[in-house]
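Residue numbers (full-length UniProt numbering): 1 to 180.
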């Protein structure tokens, strides 16, 4: 099973079916905050929806196409992060993340993303890591910017989010840039 220690009170662990109640509760309690940027929140209305997500995430892990992990802080699940997509042929990974509203602004997601970068380059042998964020989501965009990612471009009106199209900013980091 995948676990990755970040620091004493913070680690990542592979999502398990038994995590569904905690993740659904966190999603539900952060619903208003999360749905501003994440379209799946509107389709996560019951614990069974979270169980289905965890099932798909575990299939992605088994097929080596994704790594979805619970973010655990002081023994409580506070969010989800990982590689939403792993492209083995091109040694490319795409990181995604979300935190419960009460845990933002504490440097947690930056630490988690830094750990995922190290894991991706050192353990998975990736050459390139991508992070995508809505152009208007300043907090999410600040994470790759702090970690030295380069902005590759903007995908105009890329996602339909509730009642409008939003632009998506694409960031990337190469293995050679991280090592330097």
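All residues carry an ideal CB built from backbone N, CA and C; glycine is no exception.
A quick note: this is a predicted structure, and the numbers were derived from the prediction, not measured.
Whole-angstrom C-beta distance between residue j and residue i, which should lie under 8 Å
| i | j | result |
| --- | --- | --- |
| residue 128 | residue 92 | 5 Å |
| residue 112 | residue 6 | 6 Å |
| residue 12 | residue 4 | 4 Å |
Element boundaries [alpha helix (DSSP H), containing residue i]
| i | result |
| --- | --- |
| residue 112 | 108-118 |
| residue 55 | 47-62 |
| residue 33 | 31-34 |
Length of the line joining the Cα atoms of residue i and residue j
| i | j | result |
| --- | --- | --- |
| residue 157 | residue 140 | 18 Å |
| residue 65 | residue 8 | 29 Å |
| residue 95 | residue 67 | 9 Å |
| residue 36 | residue 30 | 11 Å |
| residue 149 | residue 84 | 17 Å |
| residue 118 | residue 70 | 17 Å |
| residue 179 | residue 122 | 10 Å |
| residue 48 | residue 173 | 36 Å |
| residue 159 | residue 132 | 11 Å |
| residue 40 | residue 98 | 12 Å |
Residues that residue i bridges to, as DSSP identifies them
| i | result |
| --- | --- |
| residue 83 | 67 and 95 |
| residue 172 | 130 and 150 |
Residue range of the beta strand (DSSP E) that includes residue i
| i | result |
| --- | --- |
| residue 142 | Taken as a continuous stretch (DSSP letters only), residue 142 belongs to no beta strand (DSSP E), being part of the alpha helix (DSSP H) at 138-146. |
| residue 14 | 10-14 |
| residue 3 | 3-7 |
Cβ contact check for the segment 68-82 and the segment 20-40: 3 or more pairs under 8 Å: yes
Taking 8 Å as the threshold, find out whether the segment 49-62 comes into contact with the segment 153-167 through three or more Cβ pairs. Result no; under three Cβ-Cβ pairs closer than 8 Å.
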